[in-house]
Structure formats: structure tokens, C-alpha cells
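Novice: What follows is a single structure, and I will ask about it in a moment.
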Amino acid sequence: MSKFIEQPRFSCALGAQQSVVAIKRAVPILHSGPGCSGKISSLIGQGEGYAGGNTIPCTNANESDIVYGGEEKLRTVIDGAFQVLDADLYVVLTGCTSDIVGDDVGRVTGEYQDKGQAIVYAETGGFKSNNYVSHEVVVKAIIDQYVDKFKENNGKIKGLVNVFSTIPYQDPYWNGNLEELKRILSGIGLKVNILFGADSGGVEEWKTIPSAEFNLVVSAWAGLGVAKHLEEKYGTPYFHFPYLPVGGVETSKFLRQVAHFTGADEEKVEAFIQNEEEKFYMHIERTADFMLEFRYGIPRRFYTLLDASYAVGFAKYLLNELGIVPAKQFIIDDTPEEFQAAIREQFLNISECRSVDVSFGVDGGAIQQEIREDTHKNRALILGSGWERDLAKEIGADLLILSVPVSYRLVLDCGYVGYNGGLRAIEDIYDRVLDTYR
Amino acid sequence: MSAISLKEPEVAIREVRLGSITGFEGTAGELVQCSRAGNLQDGTRRFSQCMGCSSGNAFCQLSMIQDAAVVNHAPVGCAGDVFGFNFVYRVGQMERKLPPAIGRYFNTNIKEKDTIFGATEKLESTIREAYARVKPKAIFITTSCASGIIGDDVEGVANELSDELGIPVVACFCEGFKSKIWTTGFDSAYHSIVRKIVKLPEQKTNKVNIINFWGSHIFDELLKPLGYEPNYIVPFSTVAQLEHISEAVATIQICPTLGSYLGAALEQVYGVPEIKAPPAYGVSGTDNWLRELGRVLERETEIEKLIEREHARVLPILAGYRSQLEGKTAYITAGAAHGHALIALMRELGLTVQGAAIFHHDPIYDNGDRTSDALAHAVNTYGDIGSYNVCNKQAYELVNILNRVRPDIMIARHGGMTLWGAKLGIPTLLIGDEHFSFGYQGLLNYAERILETLDNKEFVTNLAKHSTMPYTKWWLEQNPFHFLGRNVHVEVY
Chain A
153 MSKFIEQPRF SCALGAQQSV VAIKRAVPIL HSGPGCSGKI SSLIGQGEGY
203 AGGNTIPCTN ANESDIVYGG EEKLRTVIDG AFQVLDADLY VVLTGCTSDI
253 VGDDVGRVTG EYQDKGQAIV YAETGGFKSN NYVSHEVVVK AIIDQYVDKF
303 KENNGKIKGL VNVFSTIPYQ DPYWNGNLEE LKRILSGIGL KVNILFGADS
353 GGVEEWKTIP SAEFNLVVSA WAGLGVAKHL EEKYGTPYFH FPYLPVGGVE
403 TSKFLRQVAH FTGADEEKVE AFIQNEEEKF YMHIERTADF MLEFRYGIPR
453 RFYTLLDASY AVGFAKYLLN ELGIVPAKQF IIDDTPEEFQ AAIREQFLNI
503 SECRSVDVSF GVDGGAIQQE IREDTHKNRA LILGSGWERD LAKEIGADLL
553 ILSVPVSYRL VLDCGYVGYN GGLRAIEDIY DRVLDTYR
Chain S
170 MSAISLKEPE VAIREVRLGS ITGFEGTAGE LVQCSRAGNL QDGTRRFSQC
220 MGCSSGNAFC QLSMIQDAAV VNHAPVGCAG DVFGFNFVYR VGQMERKLPP
270 AIGRYFNTNI KEKDTIFGAT EKLESTIREA YARVKPKAIF ITTSCASGII
320 GDDVEGVANE LSDELGIPVV ACFCEGFKSK IWTTGFDSAY HSIVRKIVKL
370 PEQKTNKVNI INFWGSHIFD ELLKPLGYEP NYIVPFSTVA QLEHISEAVA
420 TIQICPTLGS YLGAALEQVY GVPEIKAPPA YGVSGTDNWL RELGRVLERE
470 TEIEKLIERE HARVLPILAG YRSQLEGKTA YITAGAAHGH ALIALMRELG
520 LTVQGAAIFH HDPIYDNGDR TSDALAHAVN TYGDIGSYNV CNKQAYELVN
570 ILNRVRPDIM IARHGGMTLW GAKLGIPTLL IGDEHFSFGY QGLLNYAERI
620 LETLDNKEFV TNLAKHSTMP YTKWWLEQNP FHFLGRNVHV EVY
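Chains as they are written, first to last, in our numbering: chain A, 153 to 590; chain S, 170 to 662.
Have a look at this one:
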């Protein structure tokens with residue numbers, strides 16, 4: 153029996169509506185209850201974007217749709233969406249109501265696909281999974297039902313790589329993170345399909361997914377299924393880097409591994425890395441005297457309540473490059489059991505001289521209680537969500553909000569991945585630390 | 170009038186209870202007339218955008234009871250709104266100088282297997298754990314589409330756990346698919362409170378219930394000099410406070426869309442008189458409301474003096490504002506009763522209301538009293554409104570209308586709508602605290618904010634220049650009610 157959740161930090165399967173919103177000029181069409189979309193936007197959607205939030209078409213299931221089925225209503229709403237909204241791709245997503253009563257959404261959507269319209273569907277009834285899992289479901293649906301029609305038979309485009317990484321909106325910093333990933337991968341000479349956000353090429357970019365020479369998964373587990381699927385479907389080999397690289401050490405390691413896998417020009421790669429590291433460590437050096445001399449107290453250890461990709465990436469960075477030591481680490485993304493061992497392994501080998509234990513759980517209330525009961529000998533940093541405000545105050549910790557709900561921060565293109573993200577993390581952590589002094 | 174029955178676990182939805190509708194195109198006067206004649210028809214839309222649902226509105230009222238916990242019996246996505254309410258709760262704590270606390274909300278995390286085998290065991294264990302963690306004075310269970318369709322016996326679990334834990338464990342039925350009018354969720358929350366929390370009155374007190382959201386405490390200075398004590402409910406109440414709302418001398422509603430059911434239930438079941446005049450917005454609205462209050466509280470002389478004093482203070486200032494605002498045009502979008510209040514306010518301030526898109530329409534409230542009809546009051550006092558649209562948050566209709574009407578200002582009451590004014594370069598104002606515009610002073614407060622907004626054109630002008638528009642050219646050229654059908658009968662009440 154799966155456990156109840158106090159303080160939710162992710163959404164249900166339908167939460168993948170935000171993955172669609174993150175694709176330029178794509179529009180989700182919900183075949184769900186009336187309140188679903190707004191609740192999702194409330195937890196994982198700052199700002200409407202092009203056609204998210206209140207713009208999202210929805211069948212707003214009512215009692216008669218439950219009793220008699222809602223397929224006809226879905227047809228009229230799809231018809232309307234084509235007429236009213238100017239978009240490049242429409243993605244029909246089902247909610248609990250449709251999936252329990254068993255509407256044949258595939259058939260309804262199929263009628264439009266047969267007419268050549270840019271529309272796909274995915275079954276995302278809330279109870280089926282969470283948005284980490286359904287993000288994969290939706291990405292696969294778009295590829296199988298739409299992108300596949302445009303696959304070129306003249307083979308792969310040299311150096312083109314599809315990136316499957318952090319999940320739009322579930323990661324509040326997704327846009328900034330993806331921009332930095334694209335920047336550094338382009339820096340070593342790759343052509344990057346980043347697929348989501350301001351720096352992506354929209355649906356046209358998606359159409360080149362089958363032509364990519366490689367797929368890159370930069371994530372602990374979410375997104376891995378997409379790469380495996382593409383390997384089977386198009387024979388595209390994939391490389392899996394199992395966390396978000398943050399800071400100099402990890403980003404350089406990431407780039408070298410990618411370069412090795414893709415066979416990128418080594419000289420070019422090293423030149424890029426050297427240039428980036430030079431800038432990065434120039435700033436790190438400037439922070440050293442502050443870190444060593446600031447006498448009024450800065451955090452010495454950190455608690456983590458993050459998804460696996462963030463947790464590993466930040467733990468490595470804080471420990472190895474900033475000298476903040478891991479306290480208890482909690483992974484809150486409902487990690488499927490099959491992926492847990494590999495994540496544990498990362499923490500067991502977090503540095504050359506240190507092993508850290510990690511636990512998996514979705515019940516924020518229980519996790520907070522465990523942290524509260526820990527011994528608090530020195531100043532701590534919490535990497536968590538808006539739920540941790542009072543906890544941080546109680547134990548005298550500083551809080552950097554990295555996870556949803558993120559309500560105490562307004563996020564635009566801030567990101568924590570890569571060289572630039574590492575610097576940004578330092579600024580943001582010590583901004584919060586220094587702000588505690590009068 | 171709807172008869173309140175506390176025997177039933179569920180309260181009937183507004184469509185059935187009050188004949189409420191979500192689709193109408195015409196003039197405000199026509200709508201009032203149809204409502205009176207009992208031949209109001211609902212319109213259904215062939216194209217629709219996402220709305221809200223009852224579970225959010227039920228949670229809105231239950232989530233800020235200081236010593237209660239809420240168990241949301243649903244897949245985790247249904248709890249997507251809990252942090253938003255937690256945020257509101259905590260802002261309210263600051264304003265009320267309460268110590269910081271997070272809302273204690275639990276989601277049963279219904280999974281696929283549960284939809285086959287049922288999830289009542291899971292609900293039970295969640296309630297037990299919520300009790301162990303929080304030791305609340307009451308636990309409310311909010312239901313979901315999933316729990317409703319799979320047919321979990323939530324009422325049975327609630328009763329059983331009430332006995333086991335020795336505190337009220339109360340089912341609040343608010344499945345999203347049941348009603349198109351999400352304010353039905355308020356009724357669900359209030360029904361669960363009146364049914365299982367409120368006790369028989371032991372003694373009459375000098376308290377006046379004020380059914381509100383989490384607005385500022387503006388009723389203190391009105392009621393205290395009259396010898397009465399305001400009791401702001403339901404957010405920020407304690408369970409003990411709610412137990413005794415049956416002992417109050419009267420009930421005031423800040424907005425009958427919100428408090429219709431609770432006001433009527435307290436009057437019908439416990440004899441607490443409800444102030445039935447439409448809430449005090451605009452000068453004549455405030456006069457009316459105060460006189461009704463004076464009559465119920467037996468303070469008529471004091472109220473007449475107050476009215477006189479306030480007129481003398483406010484009317485000259487108001488004249489100044491009117492001269493600045495005369496001839497300006499406004500478009501309004503808001504929930505029902507507060508929308509009617511805003512219409513009155515704008516016209517009192519001399520603005521021309523070009524039209525309104527109001528989320529739903531209740532032809533009558535639970536008290537069955539026609540004098541509570543705020544729209545009728547607005548029409549009778551200030552004249553008809555030519556373009557009155559009942560529209561449950563359908564942004565596409567609003568954008569189409571705004572694009573034609575191009576008012577000097579758009580006034581919105583709820584989130585998600587303001588963007589469309591601003592994207593078209595129309596100065597747009599949203600005021601969150603509904604108490605801000607209440608009474609005589611509220612009129613002046615609003616006038617000041619409207620002038621500020623009209624003056625601040627740079628932001629919207631620049632935003633409009635750089636904004637994208639997801640609506641097609643075709644759509645913007647259609648009749649805004651192109652998708653609205655007009656032949657659905659609503660049960661005559």
C-alpha cells in the first residue's frame with residue numbers, strides 16, 4: 153500500500169500538462185474534471201506562459217460525462233481548440249474521470265490524426281502515476297504519434313543530440329538549467345535539441361528527434377525510459393549522466409564523459425572546459441577568503457529534501473567545492489525501487505573520503521520530524537521547498553528553496569546547473585546567510 | 170428557498186438547489202427578470218477552458234481553521250492547491266499577529282490499485298496518522314472525483330473514526346465533476362461544519378458572525394461601539410469558536426456567493442438572523458445594509474446617526490473623485506455577488522460600466538429572500554447594464570470582448586483574468602481583500618486605487634507591445650458567444 157502524503161512536492165500524472173506548456177506553441181487539451189488544471193498550475197506553474205494556466209482547453213467533466221461517457225464532448229472541445237487557439241501542437245491529456253469511466257480517447261484523437269492534424273494523446277489519469285513518470289509518457293506520445301511522421305530516411309544529422317533532463321516546471325529552475333545545458337553542450341561542438349523552454353526551437357526542433365546521432369539523459373531516472381524507447385525505435389544510442397552537474401568539477405566531468413561518448417573533438421572540448429573553468433574558479437577563489445574568514449557563522453552541514461537528480465548534484469557540489477558537509481539526505485521524488493540502488497551508490501561514493509546515507513520517502517511531514525529530532529550542533533543549510541520555512545527557523549538553518557512549492561521565490565531564468573549555475577548557487581546560498589544579520 | 174437538512178451527508182449542488190447557471194448573454198436587467206420569472210435558462214459551451222472545482226473552494230474554507238486538520242482523499246494532484254492556501258493562511262497569521270504555523274494537510278495518494286479495490290483502508294490509516302501527528306480538535310475529509318467514482322464509503326469511515334478518536338471526523342463531499350459552479354464547494358464545507366461541529370446554543374451572546382474569507386477586520390469599528398462583538402468565520406476560527414456560532418445574535422455575509430448556505434443554515438436551524446440586504450457596496454447599498462443591520466441588532470437610532478455622520482464625511486470627498494472619474498469606462502470580471510458589488514461601486518464613482526463577465530449566477534440565495542439580490546439592487550439603483558455575460562472563467566470569451574470593448578480600465582476580482590487586460594494594454598486592477606471596498610470608506614479606497622491604476626499606463630503599454638497572443642485572428646473576429654448554446658433548461662425552483 154502506497155503511503156499518504158503530507159506536504160506534497162510533486163503532482164499527479166496529469167501534472168505533465170506543464171511539460172506540454174513548456175514546449176513552444178504547444179497546447180494541452182484536458183479531458184478531465186474542472187479543477188485539475190488549476191491545481192496543477194498552482195503547485196508547478198509560475199506564470200501562464202503562451203497558453204497555459206487559464207487558457208488551457210478542458211472538457212470540465214460533469215456528472216453526465218461520468219455516466220454516459222465524455223467522448224462527444226471531447227470532440228467538440230478539440231474542434232474548438234483548433235479554431236480558437238493558435239498552436240503548432242495539441243496534446244490531449246486525460247484525467248481520473250476519463251480513465252476510470254474508460255473513454256476511448258485514442259479513437260477520438262485518431263480521427264483528427266487521420267486528417268493530418270497536429271494532435272496526440274496520452275492517458276494521464278491522476279491516480280496512474282506522478283508527473284515524473286508521466287512526463288515520459290507524454291514525451292513518448294508526442295514522438296510516437298507525431299514526430300515519427302517526420303522522420304527523415306536519409307539518416308542521422310552529425311553531432312545532433314537530444315537532451316532529456318530536468319522536468320519542466322516540476323523543476324522550478326528548468327528553463328535556466330536547460331539553457332545552461334544547451335550552452336555548455338554547444339560549447340563542446342554539439343548541436344543540441346533542448347526541446348523545452350526559451351532556448352528551444354519548438355515543434356520544428358522536436359521533428360528532428362529521430363535524426364539525432366545521440367540521446368543524452370541528464371537525470372537520475374526520469375527520462376531514461378524515453379532514451380531507451382528511442383534506442384529501440386530509431387537505434388539512437390544514449391548516454392546517461394545520472395544527476396544534474398553543478399559547479400566546476402562535475403560539469404567538466406560531465407562534458408568529458410559526453411565528449412568521450414559522442415567522439416567530439418577533444419581539443420575543442422578541452423579548450424572550452426579550460427576557458428569555463430578559468431572563469432568559474434576565478435570567482436571561487438574570490439569567495440575563499442569570505443568562506444574562511446567570515447566569523448559570524450555560515451552553514452557547516454546541509455539537509456536535502458529534493459528529487460534525486462538535484463540531490464546528488466547539489467550534494468557533490470556543496471561537499472567537494474564549498475566545504476559544506478552532508479547531514480541527512482532525503483529523496484522525495486517517489487523514486488521507483490529499481491533506480492534506488494544506483495542513487496544510494498552515488499551517495500556512498502560522494503567524495504574520496506566520505507559516504508553518506510540517503511533515504512527515500514514522499515511524506516514531507518515525517519521527513520521534517522526526523523530533521524527536527526536530529527542533533528543541531530552547528531549551523532545547517534536546508535535544500536528544500538517552501539514547506540521548510542518554519543523548520544528552518546526552528547533549527548536555526550538557512551533555507552535555499554530548490555523544490556516545489558517554490559512560492560517564496562519568483563523564478564525566471566535562474567538555473568543551478570553547470571558552471572554558471574554553480575556560481576548562482578553560491579550567490580543564492582550566501583545571500584540568504586548574510587541576510588540573517590541585522 | 171432551499172430547506173436545510175442536516176441529515177444528509179451531502180448538500181445538493183447549486184444548480185439543483187438554487188437553479189444557478191454558468192452561461193448567459195444579455196443585459197443585467199434581463200437576467201434579473203428571468204430569475205424572477207423562474208424561466209432562467211443555462212447556456213452550455215461547445216468549447217471550454219479549465220475552470221475551478223468544488224474541492225478547491227471547500228478546502229479554502231476548511232484549511233485555515235486553526236486547530237483542525239484536513240485529509241484530502243484523492244490522488245496527489247488534487248492537493249496541488251494546498252500550498253497556495255497554506256501561503257494565504259500564513260499571511261493571515263502575520264496580519265493577526267498569530268505565531269507561524271503550517272497548515273496540516275494530508276493527501277491519501279490514491280493510486281491505480283485503489284481505484285479497483287477501494288481506498289477506505291488507506292483513508293482510515295491516513296486519518297489515524299493525521300490525528301497522531303497533529304492532535305487536532307477536528308479532522309475534515311475532502312473527497313475527489315476519483316474517490317467519488319470508485320464509491321468509497323467516506324461517510325462510514327468518518328463516523329467510525331469519530332468514535333475511535335473521540336473528535337469530530339467530518340466528511341465534506343466536494344467531487345469536482347458534480348457541479349459546474351465551484352462555489353458549491355463553500356456550501357459543502359459549511360454543510361459539514363453545521364452538521365458536525367456546531368452545537369446547540371446554550372446562551373445568546375453579543376457576537377455577530379461575519380462570514381468572510383480572510384479579509385481585514387473592518388467590522389470591529391462598526392460593531393464594537395454598538396455593543397456587539399464581531400466573530401470572523403470560518404478561516405482563522407478555532408473549532409471551539411465554530412461550535413458556538415449558533416449562539417450569535419446575527420450573521421453578516423461579506424458576500425452571499427460565499428455565505429449563502431451558512432447564513433441560511435444558521436437562521437433556519439438555530440434561529441440566528443441573517444442580514445439579508447445585499448452587502449454594503451456603494452453609498453445607497455451601504456445605507457440599505459446599515460439600516461437592515463440596525464433593525465436586526467436593535468440599534469436603529471445609532472445607525473441613523475452613523476449614516477448621517479458618514480455621509481457628511483464621505484460625500485464631499487466622493488464628489489471630488491467622481492469629477493475625476495466621470496466618463497471613464499470600465500469592464501468587470503468577478504465572481505457573482507462581488508461582481509454585482511463592483512458594478513455598483515463603479516457606477517457610484519461615475520464610471521460607465523461597459524459590461525461584465527460574471528462567473529455564475531444564483532437567481533436566489535438559500536434564504537429565499539429576493540431582497541438579497543445584489544444584481545437587482547445594482548440594476549434598480551443605477552440602471553441596466555447592456556452587456557452582461559455569465560461566464561465561468563472562460564478567458565477566450567473575455568479576451569474577445571475586451572478586444573472589442575477596449576475599456577479605460579478592467580476590474581478583476583480573481584486571478585487568471587488580469588493578464589488579458591494587460592496584454593491588450595488595458596490598465597487592470599485586482600483587489601484581493603474584499604473588505605477593502607466595503608462601506609463608505611471602501612468606496613473612497615477603491616476610487617483612489619482606480620486613479621492610481623489609470624495613471625500607471627507605462628507598464629501595460631510596454632507589456633502589450635511585447636506580448637504573444639495565443640488566440641487566433643479568426644476567433645477575435647467572431648461573436649464572443651459563438652460557442653455558447655442557449656437552450657438548456659434549469660430546473661425551476
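C-beta atoms are modelled at their ideal positions from N, C-alpha and C, and glycine is treated no differently.
1. Pick out whichever of S/His546, S/Gly325, S/Pro399, S/Pro268 has its Cα sitting closest to the Cα of S/Val201.
2. Do you know how far the Cα of S/Thr295 is from the Cα of S/Gly519?
3. Residues of chain S with a CB under 9 Å from the CB of A/Ser559: which are they?
4. In three-state DSSP terms, what is S/Ile380?
5. If we ignore side chains and look at the alpha-carbon of each, how far apart do A/Arg408 and A/His392 end up?
6. Which same chain residues, not among the five before or five after A/Asn530, have their C-beta less than 7 Å away from its C-beta?
7. Below 8 Å between beta carbons is the criterion; list the residues of the stretch 579–606 of chain S that meet it against any residue of chain A, in chain order.
8. Nearest to S/Ser636 by CA position, among S/Glu646, S/Val441, S/Ile619, S/Ile595, is which residue?
9. Excluding the five sequence neighbours on either side, which residues of its own chain have a C-beta within less than 7 Å of the C-beta of S/Cys219, listed in chain order?
10. Could you check if A/Cys248 is buried or exposed, using at least 16 other CB atoms within 10 Å of its CB as the buried criterion?
11. Going straight from the alpha carbon of S/Val418 to that of S/Asn378, what length do you get?
12. Determine the chain S residues that contact A/Gln235 at a beta-carbon separation under 8 Å, and present them in chain order.
13. Assign A/Thr207 to buried or exposed, taking buried as 16 or more other Cβ atoms, counted over all protein chains shown, within 10 Å of its Cβ.
14. Return the residues of the stretch 184–201 of chain A that lie within a Cβ-Cβ distance of less than 7 Å from chain S, sorted by chain order.
15. Who are the neighbours of A/Ile218 on chain S, taking C-beta pairs under 7 Å?
16. Please state whether DSSP places S/Gln523 in a helix, a strand or coil.
17. Quick check on A/Leu444: buried or exposed, where buried means 16 or more other Cβ atoms within 10 Å of its Cβ?
18. Can you check DSSP and say which residues form a bridge with S/Glu194?
19. Quick check on S/Cys247: does DSSP put it in helix, strand or coil?
20. Can you name the residues of chain A whose CB is closer than 7 Å to the CB of S/Tyr565?
21. Measuring only the C-alpha atoms, how far is S/Asn614 from A/Val243?
22. According to DSSP, is S/Thr407 helix, strand or coil?
23. Taking S/Leu632 as the reference, give the member of S/Asn226, S/Thr426, S/Thr550, S/Trp589 with the closest Cα.
24. What beta strand (DSSP E) runs, 3 residues minimum, are completely inside the stretch 401–451 of chain S?
25. On the premise that A/Gly221 lies in contact with A/Asp255, defined as a C-beta separation below 8 Å, what is that separation, rounded to the nearest angstrom?
26. For A/Glu437, which option in A/Leu575, A/Gly387, A/Leu457 has the closest C-alpha, if you only look at C-alpha atoms?
27. From the DSSP output, read off the bridge partner residues of S/Gly253.
28. Excluding the 5 residues preceding and the 5 following S/Glu603 in the sequence, name in chain order all residues of the same chain whose CB lies nearer than 7 Å to its CB.
29. Would S/Glu660 be called buried (16 or more neighbouring beta carbons within 10 Å of its own) or exposed?
30. Tell me whether A/Glu402 is buried or exposed, calling it buried when 16 or more other Cβ atoms sit within 10 Å of its Cβ.
31. Given that a residue counts as buried once 16 or more other Cβ atoms are within 10 Å of its Cβ, and exposed if not, what is S/His530?
32. My output table needs one value for A/Tyr130: the three-state DSSP class, helix, strand or coil.
33. With C-beta atoms as the reference, is S/Tyr551 less than 7 Å away from S/Arg516?
34. Please report how far the alpha carbon of S/Arg215 lies from the alpha carbon of A/Leu564, in whole angstroms.
35. Using 8 Å as the Cβ pair cut-off and three pairs as the minimum, do the stretch 281–300 of chain S and the stretch 388–405 of chain S touch?
36. By Cβ distance below 8 Å, which residues in the same chain neighbour A/Ile476 in space, the five residues on each side in sequence not counted?
Specialist: Per the coordinate set shown:
1. S/His546
2. 55 Å
3. In chain order: Phe252, Gly253, Asn255, Phe256.
4. Correct three-state label for S/Ile380: strand.
5. Pairing A/Arg408 with A/His392, the inter-Cα distance amounts to about 13 Å.
6. Arg452, Arg453
7. Residues passing the 8 Å Cβ filter: Gly585, Met586, Leu588.
8. Of S/Glu646, S/Val441, S/Ile619, S/Ile595, the residue nearest in Cα terms is S/Ile595.
9. none
10. buried
11. Rounded to whole angstroms, the gap between the alpha carbons of S/Val418 and S/Asn378 is 8 Å.
12. Going along chain S in sequence order, the residues near A/Gln235 (Cβ under 8 Å) are Phe216, Thr641, Trp643, Trp644.
13. buried
14. Gly185, Pro186, Gly187, Cys188, Ser189, Gly190, Lys191, Ile192, Ser194, Leu195, Glu200
15. Ile318, Phe346
16. Correct three-state label for S/Gln523: strand.
17. Exposed is the label assigned to A/Leu444, since fewer than 16 other Cβ atoms lie within 10 Å of its Cβ.
18. Per DSSP, S/Asn558.
19. helix
20. Val236
21. Rounded to whole angstroms, S/Asn614 to A/Val243 spans 45 Å at the Cα level.
22. coil
23. S/Trp589
24. DSSP runs (the beta strand (DSSP E)) wholly in the stretch 401–451 of chain S: 419–422.
25. 6 Å
26. A/Leu575
27. According to DSSP, which records beta bridges pairwise, S/Gly253 is partnered with nothing at all.
28. So the qualifying residues of the chain are Phe382, Gly384, Ile423, Cys424, His507.
29. Legend: pLDDT at S/Glu660 = 39, less than 50; position of this residue unreliable, no value from coordinates given.
30. The residue in question, A/Glu402, is buried, as its Cβ has 16 or more Cβ neighbours within 10 Å.
31. buried
32. Residue 130 of chain A is absent from the structure shown; chain A starts at 153 and stops at 590.
33. For S/Tyr551 and S/Arg516, yes; Cβs fall inside 7 Å.
34. 36 Å
35. Remark: fewer than three beta-carbon pairs, one from each stretch, lie closer than 8 Å, so the stretch 281–300 of chain S and the stretch 388–405 of chain S are not flagged as touching.
36. Pro451, Arg452, Arg453, Phe454, Leu470, Leu533
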